[in-house]
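Here the structure comes first, spelled out in structure tokens, and everything after it is commentary.
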Amino acid sequence: MEWLISLPQFLAGGLAIGAVYGLIAAGFSLIYNASRVINFAQGQFVVYGGLLAVSVVGLGWPRTIGLPVVVVLCVVLGAALQAVLTTARKGSNELTFVMVTIGIGMALQGLAHQAWGTDYLTYTLYPDAGVRIGGAFLNVATLTIVAVTVAVCVALWAFLYRSIWGKAMRACAADPRVAQTVGIQPRRMILLAYIASAGLGGLAGVLVTPPLMMSSEYGVLLTIKGFTAAIVGGLTNPFGAVIGGVLLGLFEGLCVGMVSSDFQDAYAFIALMIVLLLRPQGLFGQVQMSSAR
Amino acid sequence: MNMLPPSFLRNLAPFVILLVLAVVPLWTTDDYALGVWTFILLNILVVLGLDLLLGYAGQLSLGHGAFVAVGAFASALLTTRAGWSGWAAMPVAVVLAALLAAALAIPTLRLRGYYLAMATLGFPVLFDAVIRVGSMWSGGASGVTAIPRLSIGSAVLRDPKDYYWLVLGFVAPVLLVTWWIANSRLGLKLRAIHADETAALSRGVPVVRLKVGIFVLSASIAALSGCLYVHQVQFVAAGTFGLQYSLMLVVMLVAGGMGRIWGGVAGVVLLGWLSELLRGVTSWQPVLFGALLAGLMLVSAGGVAGLFRRRPIFSPGPLAVRAPPLLLRPGVSGAGGEVLRVNGLLRRFGGVTAVSGLSLNLRAGEIRAIIGPNGAGKSTALALISGALRSEKGSVVLLGRECVSMTADRRTLGGLSRTFQHPRLIPSLTVFENICLGSSGGAKSLRDSLSTARDVLDRLKLRTVAQRFPDEINHYQRRLTEIGVALASHPAVLLLDEPAAGLSTAEIDQLAQLLRQLRDNGIAIILVDHVMDLVIPLADQILVLEQGRPIASGDAHSVVNNDRVRSAYLGEAATYA
Amino acid sequence: MLEVAGLSVSYGAARAVHSLDLTVGQGEIVVLVGPNGAGKSSVVNAIAGLLKPQAGTVVLNGTDLTRSSPAARVREGVALVIEGRGVFAGMTVAENLELGGYSRGRARRSGGGPYSLPRVVAMFPRLGERMSQDAGSLSGGEQQMLVIGRALMSAPRLLLLDEPSLGLAPSVVAEIAKVVKILAREHGIGVLVCEQNAVLGLDLANRGYVLQNGNVVAEGSCSDLREEHDMLSLYLGGSVRESQQA
Numbered sequence: 084m085e086w087l088i089s090l091p092q093f094l095a096g097g098l099a100i101g102a103v104y105g106l107i108a109a110g111f112s113l114i115y116n117a118s119r120v121i122n123f124a125q126g127q128f129v130v131y132g133g134l135l136a137v138s139v140v141g142l143g144w145p146r147t148i149g150l151p152v153v154v155v156l157c158v159v160l161g162a163a164l165q166a167v168l169t170t171a172r173k174g175s176n177e178l179t180f181v182m183v184t185i186g187i188g189m190a191l192q193g194l195a196h197q198a199w200g201t202d203y204l205t206y207t208l209y210p211d212a213g214v215r216i217g218g219a220f221l222n223v224a225t226l227t228i229v230a231v232t233v234a235v236c237v238a239l240w241a242f243l244y245r246s247i248w249g250k251a252m253r254a255c256a257a258d259p260r261v262a263q264t265v266g267i268q269p270r271r272m273i274l275l276a277y278i279a280s281a282g283l284g285g286l287a288g289v290l291v292t293p294p295l296m297m298s299s300e301y302g303v304l305l306t307i308k309g310f311t312a313a314i315v316g317g318l319t320n321p322f323g324a325v326i327g328g329v330l331l332g333l334f335e336g337l338c339v340g341m342v343s344s345d346f347q348d349a350y351a352f353i354a355l356m357i358v359l360l361l362r363p364q365g366l367f368g369q370v371q372m373s374s375a376r
Numbered sequence: 349m350n351m352l353p354p355s356f357l358r359n360l361a362p363f364v365i366l367l368v369l370a371v372v373p374l375w376t377t378d379d380y381a382l383g384v385w386t387f388i389l390l391n392i393l394v395v396l397g398l399d400l401l402l403g404y405a406g407q408l409s410l411g412h413g414a415f416v417a418v419g420a421f422a423s424a425l426l427t428t429r430a431g432w433s434g435w436a437a438m439p440v441a442v443v444l445a446a447l448l449a450a451a452l453a454i455p456t457l458r459l460r461g462y463y464l465a466m467a468t469l470g471f472p473v474l475f476d477a478v479i480r481v482g483s484m485w486s487g488g489a490s491g492v493t494a495i496p497r498l499s500i501g502s503a504v505l506r507d508p509k510d511y512y513w514l515v516l517g518f519v520a521p522v523l524l525v526t527w528w529i530a531n532s533r534l535g536l537k538l539r540a541i542h543a544d545e546t547a548a549l550s551r552g553v554p555v556v557r558l559k560v561g562i563f564v565l566s567a568s569i570a571a572l573s574g575c576l577y578v579h580q581v582q583f584v585a586a587g588t589f590g591l592q593y594s595l596m597l598v599v600m601l602v603a604g605g606m607g608r609i610w611g612g613v614a615g616v617v618l619l620g621w622l623s624e625l626l627r628g629v630t631s632w633q634p635v636l637f638g639a640l641l642a643g644l645m646l647v648s649a650g651g652v653a654g655l656f657r658r659r660p661i662f663s664p665g666p667l668a669v670r671a672p673p674l675l676l677r678p679g680v681s682g683a684g685g686e687v688l689r690v691n692g693l694l695r696r697f698g699g700v701t702a703v704s705g706l707s708l709n710l711r712a713g714e715i716r717a718i719i720g721p722n723g724a725g726k727s728t729a730l731a732l733i734s735g736a737l738r739s740e741k742g743s744v745v746l747l748g749r750e751c752v753s754m755t756a757d758r759r760t761l762g763g764l765s766r767t768f769q770h771p772r773l774i775p776s777l778t779v780f781e782n783i784c785l786g787s788s789g790g791a792k793s794l795r796d797s798l799s800t801a802r803d804v805l806d807r808l809k810l811r812t813v814a815q816r817f818p819d820e821i822n823h824y825q826r827r828l829t830e831i832g833v834a835l836a837s838h839p840a841v842l843l844l845d846e847p848a849a850g851l852s853t854a855e856i857d858q859l860a861q862l863l864r865q866l867r868d869n870g871i872a873i874i875l876v877d878h879v880m881d882l883v884i885p886l887a888d889q890i891l892v893l894e895q896g897r898p899i900a901s902g903d904a905h906s907v908v909n910n911d912r913v914r915s916a917y918l919g920e921a922a923t924y925a
Numbered sequence: 038m039l040e041v042a043g044l045s046v047s048y049g050a051a052r053a054v055h056s057l058d059l060t061v062g063q064g065e066i067v068v069l070v071g072p073n074g075a076g077k078s079s080v081v082n083a084i085a086g087l088l089k090p091q092a093g094t095v096v097l098n099g100t101d102l103t104r105s106s107p108a109a110r111v112r113e114g115v116a117l118v119i120e121g122r123g124v125f126a127g128m129t130v131a132e133n134l135e136l137g138g139y140s141r142g143r144a145r146r147s148g149g150g151p152y153s154l155p156r157v158v159a160m161f162p163r164l165g166e167r168m169s170q171d172a173g174s175l176s177g178g179e180q181q182m183l184v185i186g187r188a189l190m191s192a193p194r195l196l197l198l199d200e201p202s203l204g205l206a207p208s209v210v211a212e213i214a215k216v217v218k219i220l221a222r223e224h225g226i227g228v229l230v231c232e233q234n235a236v237l238g239l240d241l242a243n244r245g246y247v248l249q250n251g252n253v254v255a256e257g258s259c260s261d262l263r264e265e266h267d268m269l270s271l272y273l274g275g276s277v278r279e280s281q282q283a
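Protein chains in written order, with our numbering: chain X, 84 to 376; chain G, 349 to 925; chain A, 38 to 283.
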């Protein structure tokens with residue numbers, strides 16, 4: 084029965100990282116909705132967000148200026164990625180784009196390795212404090228990350244449901260051809276999706292590095308986990324993806340606490356296979372892609 | 349076997365490659381260079397399997413290194429901990445890799461999308477964790493050491509040259525097998541899956557089974573490479589075949605050229621040596637090779653092999669002297685028995701009923717037309733009968749067998765073929781090869797497939813364009829080719845979806861003539877079209893659909909004079925304010 | 038107002054439209070009738086910029102649109118309602134309408150002009166009752182009104198309607214016809230309609246072109262076409278003519 088007492092703490096342990104997975108997953112969803120491409124470089128935005136933040140703080144910049152600048156830099160990176168993709172020759176199919184993102188992800192990870200090495204780096208951001216809620220201790224880092232994620236979701240919701248550009252993005256995802264008939268330019272919507280995803284990733288990196296540290300090696304792992312989270316929540320629904328991320332983080336926390344921390348990174352893979360076996364469209368997604376039809 | 353010069357040269361190519369590789373130790377001066385070449389051979393093994401998977405079937409695996417690691421660890425542990433001989437450990441390691449591959453592939457490959465790619469990114473993470481956690485028996489991060497070398501008889505293979513030739517001895521059969529697969533009908537099917545899974549299904553290709561099978565095969569070959577590796581290097585640890593390695597395999601394949609077999613070999617050799625040259629800047633390699641991968645995919649995706657035009661694998665050979673035989677399905681008499689009975693098919697999309705209450709009986713040698721105004725559900729009806737869409741209820745009995753829950757590929761093999769409104773030919777295959785794809789279903793011999801394909805080609809008078817690709821021929825020829833692909837599987841029932849679309853009057857006449865010939869041969873035809881000049885003279889009976897429901901059925905005269913039908917097309921006179 | 042000259046459209050190797058000429062005047066309703074596969078959709082899709090024609094020019098009020106992107110054409114006043122309506126499913130009626138005015142900016146969308154949201158909604162009261170409903174759950178007729186309303190939000194000078202009566206009951210079709218006539222008459226919008234239903238089409242429009250296999254086989258005022266051209270055989274083939282004579 085002892086594990087029952089520790090249960091809340093196990094869950095709390097996964098909350099922060101779960102929020103991060105959620106932000107990455109939302110980025111996957113936005114890009115997928117806009118262009119049907121799975122962006123294998125998604126995790127790199129988080130890595131660059133975190134490591135650039137470390138450098139910027141290390142240079143002595145005040146955090147209130149430096150951290151937003153870092154997020155902006157990540158946004159630029161996202162725009163650059165999309166620009167590169169548009170140079171693809173005519174007649175390129177999805178596999179081509181996906182493999183380009185794989186190559187770019189690989190190169191970005193290599194660059195990060197050159198710039199920052201493979202060590203785990205961090206900087207200070209949060210005060211050492213926390214609250215006790217229901218049997219679990221939640222530190223300021225976790226609370227901040229969760230709060231920011233909630234705020235991001237609200238902002239994302241406002242963007243997608245209250246602003247004309249967000250609505251245009253949704254329209255483009257629903258039917259790009261018809262969207263053109265009302266004057267929407269799918270190219271721009273795709274660029275917007277990449278920018279938003281990169282921003283989300285960069286923000287996640289900035290926030291999660293102080294408590295959990297960041298290394299240039301994390302990129303692929305974060306990509307896998309973000310994708311898993313997106314599948315759990317439903318690839319076509321960005322909010323579902325965020326929830327998927329939180330669920331994945333909680334699942335990881337639970338498994339780490341109750342089973343073993345040695346398999347920490349493997350739990351996401353196990354979760355992915357389970358979801359694919361049982362419910363490929365995830366919790367909130369719609370389309371079930373089946374090869375047999 | 350008819351050996352035309354081009355295919356003779358092609359069959360020679362793997363031997364040439366092996367010969368070149370075999371003489372390498374004779375002119376390499378130092379052991380270090382020989383070691384590099386040995387690693388190149390080991391990577392060639394893996395990339396050959398990866399090429400079948402990615403280059404031919406178009407399925408992306410980003411974690412093939414993990415299967416190499418499975419082979420390596422299994423072999424290492426069985427020989428060091430359990431005292432097995434290296435030769436005995438090898439098959440066990442390969443089978444283990446095959447089982448793991450099947451476990452990964454089955455849930456992911458039944459879906460369309462990049463699930464396999466993500467799963468293969470994640471699997472190495474799990475494997476790595478298992479190795480590290482089980483370090484008591486696996487050696488964990490410090491690895492397994494003192495792995496014994498392989499020996500033949502009592503002679504232990506120590507000399508690097510001997511080892512090189514041993515590995516080459518494994519590369520040879522794998523190269524020949526992958527070469528053979530790539531240049532066989534199976535190769536056509538894999539390329540069809542890559543290009544258009546829906547079309548492949550309708551040609552009788554068992555898409556999911558083949559995808560899984562090729563994945564398992566490629567993983568097994570990778571494991572074999574791992575086994576050979578550990579007995580030379582005598583050491584393996586948790587990080588030996590990491591993500592970097594897996595991605596490098598893909599880069600090597602892309603650089604050399606996917607989908608050519610020899611391209612993969614070239615890529616491994618080139619990038620293997622490039623990697624050596626760049627040894628001083630190892631840490632920059634991911635950046636360089638990642639950029640190379642991205643750049644290649646953006647520009648051409650053909651790699652080195654892409655500079656050379658691909659030659660067709662199958663050619664029709666000389667023109668037949670005798671008239672092509674009847675294209676009847678073996679075992680079906682053309683005598684007018686019932687071949688298809690459809691009853692009560694229903695399909696809804698959300699709140700809209702696309703088709704409801706679709707029923708018809710079809711006899712051999714009968715032409716049934718389905719007509720109706722736009723939006724009547726004609727294409728959906730065809731899709732339900734062919735299996736491209738699943739019906740919510742009802743039955744489809746084809747040649748006495750209930751097949752309403754069968755997928756499209758099984759219905760095709762069972763005797764029901766279809767064409768599509770916009771011809772879905774495989775762009776990377778010639779006209780003749782597309783038809784061969786149609787005739788390759790089931791367990792027929794190569795000779796039968798080729799001879800059927802030749803007969804269809806000549807019957808449809810497509811001989812002049814047999815070696816051209818679909819984008820090089822005109823619309824009518826594409827139409828005919830599609831019909832040819834459907835005919836090549838010896839259908840008892842042929843479904844034609846708007847075959848007359850885009851044809852001139854003369855072409856429509858020729859098409860009508862062809863359909864009459866097919867009917868006279870005993871093939872039953874369901875024809876959906878708007879071009880009444882084709883439909884009305886040809887059809888024995890016409891079924892009229894409106895808003896998904898049948899509203900009239902009968903011969904041409906009665907249907908054309910049916911008031912309900914007329915108003916469905918022309919509309920009832922409405923009053924306007 | 039709209040001048041199309043020498044328009045040729047192909048899908049791969051298949052010619053869908055052969056060197057077609059047509060015009061639409063301000064405030065005029067012009068119909069393209071013909072059976073399926075005649076090329077009607079290809080014509081309006083090419084005018085809207087969704088299809089790239091092999092040859093021909095599209096000129097609207099003196100501005101050559103032939104090389105313009107679809108978005109640029111919307112800004113010039115071309116509004117297309119595609120076959121099958123094309124609502125943005127998963128989005129509300131209000132959002133659909135709002136998106137129609139995407140190219141015009143917020144002030145114009147919500148202001149008081151004739152193509153602002155309140156005025157368009159006033160034209161289609163049934164939509165006004167369903168503003169927060171998912172557009173995908175509307176009936177066929179309501180969806181048709183929605184997409185016409187959405188097209189109006191872009192303040193069009195040329196309205197292209199592809200098969201507006203598809204799958205709709207006669208009473209609903211009559212309502213839509215009424216609206217279209219008002220748009221032409223009172224707002225001076227030029228309307229080009231593709232209609233498979235020849236009776237409907239010729240009743241609705243002032244002038245018509247009869248298309249078959251990508252060619253114009255007859256053109257003129259609708260009353261002339263109604264009397265002189267044999268519509269039935271256009272759809273059901275020459276054998277109809279025979280049975281009519283029998």
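The C-beta atom is built at its ideal place from N, Cα and C for all residues, glycine as well. Please read these numbers as outputs of a predicted model, since none were measured by experiment.
Reduced DSSP category for G/His878 - H, G, I as helix; E, B as strand; rest coil
G/His878 falls in the coil class under three-state DSSP.
Closer than 8 angstroms at the beta carbon, the chain G residues around A/Asn73:
Within chain G, the residues near A/Asn73 are Pro721, Asn722 and His878.
Any chance the CB of X/Thr201 is under 7 angstroms from a heavy atom of the ligand GTP?
This structure does not include the ligand GTP; it has no bound ligands of any sort.
Chain X contact residues for A/Leu136, given Cβ-Cβ distances below 7 angstroms
Contact of A/Leu136 with chain X by beta-carbon distance below 7 angstroms involves Lys250, Ala251, Ala254 and Val265.
Can you list, in chain order, the stretches of the beta strand (DSSP E) that have 3 or more residues and sit fully within the segment 94-134 of chain X?
With a minimum length of 3 residues, no continuous beta strand (DSSP E) run stays inside the segment 94-134 of chain X.
Determine the DSSP secondary structure at G/Arg658, reduced to helix, strand or coil.
In this structure, DSSP gives G/Arg658 a state outside helix and strand, which the three-state scheme calls coil.
Could you tell me the boundaries of the alpha helix (DSSP H) in which G/Asp803 lies?
Residues Leu794 to Arg807.
If we count the other Cβ atoms within 10 Å of its Cβ and call it buried at 16 or more, is X/Phe220 buried or exposed?
X/Phe220 is exposed by the Cβ-count criterion.
Starting from A/Gly186, trace the alpha helix (DSSP H) both ways and give me its first and last residue.
Gly177 to Leu189 is the span of the alpha helix (DSSP H), which, as asked, contains A/Gly186.
The beta strand (DSSP E) enclosing X/Phe220, as first and last residue numbers
Going by DSSP, X/Phe220 is part of the beta strand (DSSP E) stretching over Ala219 to Asn222.
At least one CB of chain G closer than 8 angstroms to the CB of X/Asp345: is that the case?
When Cβ-Cβ separations below 8 angstroms define contact, X/Asp345 makes contact with chain G.
Inter-residue Cα distance where the pair is X/Ser373 and X/Ile114:
Low local confidence applies: a pLDDT of 42 at X/Ser373 is under 50, so the model's placement there is unreliable, with the coordinate-based value given in what follows. Distance between the alpha carbons of X/Ser373 and X/Ile114: 21 angstroms.
Cβ contact (3+ pairs, closer than 8 angstroms) linking the segment 226-239 of chain A and the segment 61-76 of chain A:
In this structure the segment 226-239 of chain A touches the segment 61-76 of chain A; the number of beta carbon pairs closer than 8 angstroms is three or more.
Presumed contact (8 angstroms Cβ cut-off) between G/Glu781 and G/Pro660, rounded CB distance:
Here G/Glu781 really is in contact with G/Pro660; their C-beta atoms are around 6 angstroms apart, less than 8 angstroms.
With 7 angstroms as the C-beta to C-beta threshold (strictly closer), list the residues of the segment 187-219 of chain A near chain G in chain order.
The segment 187-219 of chain A vs chain G, Cβ under 7 angstroms: Glu200, Leu203, Gly204, Pro207, Val210, Ala211, Ala214 and Lys215.
Apart from the five residues on each side of it in sequence, which residues of its chain come closer than 8 angstroms, Cβ to Cβ, to A/Met182?
For A/Met182, where only same-chain residues beyond five positions count, the Cβ hits under 8 angstroms are Phe161, Arg163, Leu164, Glu212, Ile213 and Val216.
Starting from G/Ile890, follow its DSSP beta bridges and name the residues at the other end.
DSSP lists G/Ala717 and G/Gly902 as partners of G/Ile890.
Quick check on the DSSP output: what are the complete alpha helix (DSSP H) runs of length 4 or more inside the segment 191-242 of chain A, in order along the chain?
With a minimum length of 4 residues, the continuous alpha helix (DSSP H) runs that stay inside the segment 191-242 of chain A are 207-224 and 235-241.
If I follow the unbroken beta strand (DSSP E) through A/Tyr48, where does it start and stop?
Taken as a continuous stretch (DSSP letters only), the beta strand (DSSP E) holding A/Tyr48 covers Leu39 to Tyr48.
Can you look up G/Leu710 in the DSSP assignment and give me helix, strand or coil?
Judged by DSSP in its simplified three-state form, G/Leu710 adopts strand.
I need the straight-line Cα distance from X/Gln371 to X/Leu359, nearest angstrom please.
Residue placement at X/Gln371 cannot be trusted, given a pLDDT of 46 that sits under 50; what the coordinates show is reported in the next sentence. Put simply, the backbone Cα of X/Gln371 is about 11 angstroms away from that of X/Leu359.
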